[in-house]
Every structure is written in C-alpha cells, then in structure tokens.
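Chain order of the listed sequences is D and C. Quick note on numbering: our numbering labels position 48 of the first sequence as 129, and the sequence is numbered without any gaps. Quick note on numbering: our numbering labels position 242 of the second sequence as 785, and the sequence is numbered without any gaps. Just so you know, even glycine gets a beta-carbon here, dropped at the ideal spot from N, CA and C.
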Amino acid sequence: MSSGAANLRDVRGPSALGGGWRRSWDLLYLMAMTEFKRTYFGTALGYVWSLARPLMLFGVLLVVFTQAFHLGSGVPHYPVLLLFNIVLFGFFQEATITSVQSIVLQEGVVRKTQFPRLVIPASVVLTALINLSFNLIVTFVFILAFGVSPRWSWMLLPVLIGMLLVITSAVSMLLSSLYPRFRDLGMIWTVVSTALFYATPVLYPLEKMTPSIREIVSMNPLAVILELGRKWIIDPHAPEPAMLAGGHLRLLIPAAIYVGTCVAAVVVFRREAPRIAEAL
Amino acid sequence: MNAVTNIPETAPGAGRSDQLAAAPLAIEVSNLKKVFLIPQNRIDSLRERFTHPLTRQHYRLLQALDDVSFNVRSGEFFGIVGRNGSGKSTLLKIMASIYRADAGRVRMAGRLAPFIELGVGFNPELTSRENVLLNGVLMGLSRKEAAQRLDAVLDFAELREFADLKLKNYSSGMMVRLAFSVMVEADADVMLIDEVLAVGDASFSQKCLDVFEDMRNRGRTIVLVTHDMATVQRFCDRAMLIHDSKVQYIGEPDDTALRYYRLNFGGDPDQVREPGMLPDVNGRMIDAWLENSRGERVQNIEQHDRFFFNCLFEARRDLDRPVFSFQFVDSEGTDIFGFTKMLQLDDGVPDRLEAGQRVHIAGEVENRLLPGRYHVSAWVVRNRATGDHALHTISLLDFLVYGTEQGPGRVQLRDDVHAVVVEPDPR
Numbered sequence: 082m083s084s085g086a087a088n089l090r091d092v093r094g095p096s097a098l099g100g101g102w103r104r105s106w107d108l109l110y111l112m113a114m115t116e117f118k119r120t121y122f123g124t125a126l127g128y129v130w131s132l133a134r135p136l137m138l139f140g141v142l143l144v145v146f147t148q149a150f151h152l153g154s155g156v157p158h159y160p161v162l163l164l165f166n167i168v169l170f171g172f173f174q175e176a177t178i179t180s181v182q183s184i185v186l187q188e189g190v191v192r193k194t195q196f197p198r199l200v201i202p203a204s205v206v207l208t209a210l211i212n213l214s215f216n217l218i219v220t221f222v223f224i225l226a227f228g229v230s231p232r233w234s235w236m237l238l239p240v241l242i243g244m245l246l247v248i249t250s251a252v253s254m255l256l257s258s259l260y261p262r263f264r265d266l267g268m269i270w271t272v273v274s275t276a277l278f279y280a281t282p283v284l285y286p287l288e289k290m291t292p293s294i295r296e297i298v299s300m301n302p303l304a305v306i307l308e309l310g311r312k313w314i315i316d317p318h319a320p321e322p323a324m325l326a327g328g329h330l331r332l333l334i335p336a337a338i339y340v341g342t343c344v345a346a347v348v349v350f351r352r353e354a355p356r357i358a359e360a361l
Numbered sequence: 544m545n546a547v548t549n550i551p552e553t554a555p556g557a558g559r560s561d562q563l564a565a566a567p568l569a570i571e572v573s574n575l576k577k578v579f580l581i582p583q584n585r586i587d588s589l590r591e592r593f594t595h596p597l598t599r600q601h602y603r604l605l606q607a608l609d610d611v612s613f614n615v616r617s618g619e620f621f622g623i624v625g626r627n628g629s630g631k632s633t634l635l636k637i638m639a640s641i642y643r644a645d646a647g648r649v650r651m652a653g654r655l656a657p658f659i660e661l662g663v664g665f666n667p668e669l670t671s672r673e674n675v676l677l678n679g680v681l682m683g684l685s686r687k688e689a690a691q692r693l694d695a696v697l698d699f700a701e702l703r704e705f706a707d708l709k710l711k712n713y714s715s716g717m718m719v720r721l722a723f724s725v726m727v728e729a730d731a732d733v734m735l736i737d738e739v740l741a742v743g744d745a746s747f748s749q750k751c752l753d754v755f756e757d758m759r760n761r762g763r764t765i766v767l768v769t770h771d772m773a774t775v776q777r778f779c780d781r782a783m784l785i786h787d788s789k790v791q792y793i794g795e796p797d798d799t800a801l802r803y804y805r806l807n808f809g810g811d812p813d814q815v816r817e818p819g820m821l822p823d824v825n826g827r828m829i830d831a832w833l834e835n836s837r838g839e840r841v842q843n844i845e846q847h848d849r850f851f852f853n854c855l856f857e858a859r860r861d862l863d864r865p866v867f868s869f870q871f872v873d874s875e876g877t878d879i880f881g882f883t884k885m886l887q888l889d890d891g892v893p894d895r896l897e898a899g900q901r902v903h904i905a906g907e908v909e910n911r912l913l914p915g916r917y918h919v920s921a922w923v924v925r926n927r928a929t930g931d932h933a934l935h936t937i938s939l940l941d942f943l944v945y946g947t948e949q950g951p952g953r954v955q956l957r958d959d960v961h962a963v964v965v966e967p968d969p970r
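Structure below.
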C-alpha cells in the first residue's frame, strides 16, 4: 500500500498553478525548451539562426532607416538604438501574439489532464525570453562595435528586462485566458499590437515629435521602458522620460496603466483558469 | 472468479475483499454536484455582442452530476459504468482536477496520475524521448526522476530503437504502446482511466489487461470508466452505475453489469426508472437473453448443453431491407463467430419494417464453446443496399460457459480424425 494512504487531501479542482510550484516550473521549463528546439530543428543552420535572424533584421533596418528615411539623423548611435528597440519590442510582440491562441492550441492537455493553466502562456513568454537573450548578445556586440563604451548603468539591464517581462507576461495572461471565450481577440490583437508598435518610440526618437504627440506616446508604458533603456544602455544624454512626458506627474499615467494591466491579468486569469476546460 | 487468485503476499490467509474492507480510504467523494450552462445561442465573438447588445445570453441548465457520493479504498479497482451522457466522464474530470465541481467535495490520498486518457500531452513534432520526459513531468515526477525512468518506459513499450523518431511518424499502435508505458511507469498511487481498452490492436489490449492485473496486485488504486462489462467483471472489486447524473448502484461488478444491461435493454423496471432506450433513433433492442435446453432463461450455459439465442428488436422508424448482425467475442476481445440475419418473408411481402414493428431473432446455436466468458455484440443495418447503420454496435449479452473440459482455443469442433496403427508399406 502507498505510504500516504491514510491522509486524505482535498482535491481543489483546476487552477492557474494546480499541482504545485515545483511541477509547474518543471513543465514550464520543458515546454519552453522543446518549443525553442523545435523552432530551429530541421533548419540547415540550426541554432545559428537564433543569432543570424537579428543580424539580418538589423542589416535591413540599417539600410532602410539610414539610407531611405532619415529618421535618425542627429541622434547619437541611432543604428544600434534602432536594433536595441526592435529587439525589445519584438520580444513583447512575439510573446503576446503567440500567447493569444496558446491555451486553445493546447486543448488536448487542458481538457484531458490536470495541467496548471498558467504554464501555457508562461512557456510562450519564456521561449520568447530565450530568443531575446540570444538577440541581446548580438545587440551588445554591435553596441560595442559602434563605439558605445560600457558604463555602470549597463548593470540596470536586468531591471529593464524585468519591467518588460512583467508587462509582457501580464498581457499574455489576459489574452490567452480570454481568447477561449472571445475568439475575436486574435484578430483584434494583431491590429492593436501593430498600432502599439507605432505608438512606441521604436523607429523614431521621441524628442523629435511635437509636444502633443510626445505626451500621448508617453502614456504608453512600453514607451517609458524603451526610453529608460536608451538612457541606461546607449546614450546617457538622451532626454529623461519625465521631460518627454511633460512633467514627473504625467509619468503616473503609464505607471497606472502598467500596474492596472498587471492586476487585471492576475484577477482575470485566476477567475478564468478553473473554467477554461469547459469553455473550449 | 478473480477474487481468490490474487491475494497480495502481505496478508496470507486473508481474502482480497476482507483486506480491502480494512484498507484506508483512497478517494472520498461526497455530495458532488455539477451543472453545465449550455448557451442556447452561443455568443462567441465580440461582433455578435455588439450587433445584439440587448440579447441576453440564454442558458440551458444541464445537470451533469447530482449529489454523487462514493468511497474507494486504497488498493481497490473501482469501475464506473453508465450510458453515454450519464455523467461518468464529468465525474472523472472533476476527480482529475480538470473541471471544477459546483458543490461537494473530493478528497484523495497519495499521488494521482493526472490524466484520464492515453497519449494526451503528446506532441507529434517531438521525439518519443522528449515526449516521455514531458509526460513524466506532467504525471508529477521531477525532471530527474522522469529522465531516470526513460529507459524503462521505452523498454516496456518495446520502442527503444525508435526513441529519437518524431511521434508524427509513429503508427497508432506504437503511439498507444508508448502512452500506456508512460502511465504504468509513472507509478502513481491513484489512477483514473477513461476507456483505455477501446484503442490499440488485440495484442496490445491483452497487454493492457495484463498490466491492469499487475497494477491491481501491486495495490494501486484504480478508477476505470468503461462500457465494457467484461473488463468490469474481470478486474473490478466494486463497480458503480451512474444513470441520469445520479448514482444508481454501487456493489459487486456482476450486479452492476447486470443493471447496466437492464438499463440498456429495458429489463426489470424495478431497477430502472425509465425503460432503457438506446440513443439510436432508428430502432432499439428491447431485450436479449439466452435459454437452455429446457427453455429457461439463463445467464450462464453449461458446456455442451444446447442453448437458444433470443433477441427482440423494435423499429422506431421505417426500415427498408434491414440486416441484423451478431458477433460472439471472447473475454480477450477475439472474434469467435457471428451471424447475419435478414427478415424471413413469405412470397409477396415486402422486405421492410414499419415503425413500431418488432422482430424476434431467435434460434438454436450449436454449442461448441469451451469454458470462459463470452460477449455478444449486435448491430443493425437499416438498408443493405446502402449499408447505413440503423443501430450502431452495442453490447447485447455477456455470458459464461462453464464446464470442466478445457482446451486450446475457444471452440471445440467436431472432427472425424482417428489415430490408427498402420502396417509398413509393402513396396
């Protein structure tokens, strides 16, 4: 007989992290790793692609934005700033778009096993995070090659990635848990995320825009994150986010949106998680 | 017939049932309720919400489980039977933490294998090695433990040489083998299984049965949801019949199986609240039974004794040129023999049944069966020109042939073979 047979424990039903932290973490790790392997498996260059992809993207951007459009003229280290922004925003976009359908695509697991629901969008984010770290390696090689010298503020990179990771996870949780009930989200999010791309100073330096545009764009938490990144990593003389937003108080808006999204994500996910199997 | 053969070594002298009665509880389900809200006109998209903002979502209540309570003791093999839609799969899903109960409580001891069907969580794009690891972790093993059991799993499934082949290139049989091995090797204390025997080829089904036997002897607690009464009778210590979301009966597997058949074939109305009716709309089997040579209805047949097969079918719609097929199967699922009957008609009578008409299919069957358990399944073809089914394959009868003459195989055929001593050839 099994050792623990005498002590009955309550079966609590499905939840975001059902089955314990340890199991959830192991599942998360395995799912993200296999997904990452699968992306490059069967391609001729294999993992080289994970480095080659951002490199080639950078080449294209560099040609387009320094030769065809002159958005970055007069901006210090514009090419690497562009690359850095693209890599950071690309992480957000890749993770959120993939996570929309993630739970529905894992229907078999969700309906037939006791699977911690949170692991599914989390593994999507983790896979994107692995990609991001490869991209950042390439990015930093270029940052150095383009003559930016290492600074103490580079130590803040984990803080920057952390802020980006939290908001990305929150949006992924919201999208993946609501999609089973509102299937239009897939379409809506492709449009919204493209709009967000232009509402975030990825391609253009925000200080070159008119004050009213600056104020609107500064409400976007992603914009603030990218501005901080620019200041900490690329150019210490870049304008302060508060200056771009038009005052320190105005920074409360993106902060509120940021916190609000995170709270909403936790509340919605906890509410939806037990019912997801029935909605599929 | 199985109760005495597998006494665990830990308690010599005590019967399995005595020992189970003394065992601690492994699963305790009390007053479980579950209602599904079925949207009448499902609003799935925002567009529909916008275009019909005033339409309130109408729901139909579907009571899936109504006050279900039962206990399973540690080491017990517990069967759950019931017709489609009776709520038995919902019950299993609540026990497995896939659905949430509306009311009531489920308590469990020991580690639960958290899936209810074979091969879920398998990713066809990954190799079987990767899948086994992933599934092991899903079963609650740590990554390290899962890696340690990898070889054992692949060996049990006899798939070691295909370990690095992607699962999408596997045959369905190989897939099932792998899935079953994963489950067995996960070595959970409590397993919840939904209809596993429906898949795989005959030899693998046999292997599954052996594994059941083995798990049972090792004291695993197993809850099995199935339609197959032969499996219930062979393995289960107790079985529960669920009907219309309620527990109808819990007790000896043989009794439960009998009640299940009565439910299906509308037998004794005392046990059944409504006459058993099969979901097929074209017709139903009203009754099926066996008679011995004295014309008595019997459950079991003596070896060599003559027996008569009887079955009453009622058409619920007009059926043109119907065909009735019956298949006798042994306890391992091997087909033994079968027959197919068409209506016997006088000249000029059209070969058709009108709604409400009944057909009595009956007659003697030569009894060449060796002792063992047999099972009769039946199906009806609505029109032999098109081959459409009027009644899909159903379990019709389960019976035992008893006797002393065992032999190889399942049937003993009459032969005219003699062994004689012959003189050496003069040439």
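Asked                                                                                                                                                                         : Found
On the three-state DSSP scale, how would you describe residue 271/D?                                                                                                          : helix
Unbroken alpha helix (DSSP H) runs of length 4 or more, entirely within the region 593 to 672 of chain C: which are they?                                                     : 631 to 638
Could you spell out where the alpha helix (DSSP H) holding residue 108/D opens and where it closes?                                                                           : 102 to 121
Count the other CB atoms within 10 Å of the CB of residue 732/C; is the residue buried (16 or more) or exposed (fewer)?                                                       : buried
Under 9 Å Cβ-Cβ, which residues of chain C neighbour residue 94/D?                                                                                                            : 637, 640, 641, 642, 643, 644 and 649
Give me the chain D residues within the contact set of residue 608/C, using Cβ-Cβ distance strictly less than 7 Å, ordered along the chain.                                   : Per Cβ cutoff of 7 Å: no residues; residue 608/C is ~13 Å from chain D at best.
Mind checking residue 577/C: buried by the 16 CB within 10 Å criterion, or exposed?                                                                                           : buried
Identify which residue in 655/C, 730/C, 622/C and 568/C has its Cα closest to the Cα of residue 688/C.                                                                        : 730/C
Below 7 Å on C-beta distance, what does residue 107/D contact in chain C?                                                                                                     : 680, 685 and 686
So which residues on chain D does residue 677/C lean against when the C-beta distance must stay under 9 Å?                                                                    : 108, 111, 112 and 115
Quick check on this structure: which residue in 792/C, 789/C, 861/C and 759/C has the alpha carbon closest to the alpha carbon of residue 777/C?                              : 759/C
What are the boundary residues of the alpha helix (DSSP H) that residue 132/D is part of?                                                                                     : 129 to 144
Measuring alpha carbon to alpha carbon, tell me which of 147/D, 93/D, 313/D and 111/D ends up nearest residue 240/D.                                                          : 313/D
Counting only Cβ pairs nearer than 7 Å, list the residues of chain D close to residue 728/C.                                                                                  : None at all; the shortest Cβ gap to chain D is about 16 Å.
Can you have a look at residue 726/C and say buried or exposed, based on whether 16 or more other CB atoms are within 10 angstroms of its CB?                                 : buried
With a CB to CB cut of under 7 Å and the five nearest residues on each side skipped, what residues in its chain are close to residue 185/D?                                   : 260, 261 and 361
Could you tell me which of 856/C, 782/C, 797/C and 848/C sits nearest to residue 825/C, measuring between CA atoms?                                                           : 856/C
Would a C-beta distance cut-off of 8 Å place residue 895/C and residue 860/C closer than the cut-off?                                                                         : no
Would a C-beta distance cut-off of 8 Å place residue 788/C and residue 646/C closer than the cut-off?                                                                         : no
Please state the DSSP three-state secondary structure of residue 972/C.                                                                                                       : Here chain C has residues from 544 to 970 only, and residue 972/C is not among them.
Would you kindly work out how many angstroms separate the C-alpha atoms of residue 110/D and residue 200/D, rounded to a whole number?                                        : 9 Å
Straight-line CA distance for residue 158/D to residue 665/C?                                                                                                                 : 48 Å
What's the gap between the Cα of residue 632/C and the Cα of residue 642/C?                                                                                                   : 10 Å
Helix or strand or just coil, what does DSSP make of residue 939/C?                                                                                                           : strand
When the Cβ atoms of the region 331 to 349 of chain D are set against those of the region 294 to 311 of chain D, are three or more pairs found closer than 8 Å?               : yes
Under 8 Å between C-beta atoms, does residue 652/C make it to chain D?                                                                                                        : yes
Anyone know if the C-beta pair for residue 322/D and residue 303/D falls short of 8 Å?                                                                                        : no
Since I believe residue 919/C is in contact with residue 940/C (beta carbons under 8 Å), could you give me their beta-carbon distance rounded to a whole number of angstroms? : 4 Å
Straight-line CA distance for residue 696/C to residue 716/C?                                                                                                                 : 16 Å
Identify whether residue 877/C lies in helix, strand or coil by the three-state DSSP scheme.                                                                                  : coil
Sorted by chain position, which residues of the same chain lie with C-beta nearer than 8 Å to residue 845/C's C-beta, five sequence neighbours on each side aside?            : 835, 944, 945 and 946
Taking just the CA atoms, how far does residue 775/C sit from residue 820/C?                                                                                                  : Residue placement at residue 820/C cannot be trusted, given a pLDDT of 36 that sits under 50; what the coordinates show is reported in the next sentence. Roughly 22 Å between the two C-alpha positions.
Spell out the partners DSSP gives residue 870/C in its beta bridges.                                                                                                          : 881/C and 920/C
Quick one: Cα of residue 888/C to Cα of residue 871/C, how far?                                                                                                               : 26 Å
Distance cutoff 8 Å, beta carbons only. Does residue 119/D sit that close to anything in chain C?                                                                             : yes
Helix, strand or coil for residue 818/C, going by three-state DSSP, please let me know.                                                                                       : Reliability fails at residue 818/C, whose pLDDT of 32 lies under 50, so the model's placement of it is uncertain and the value that follows must be treated cautiously. Coil, per DSSP.
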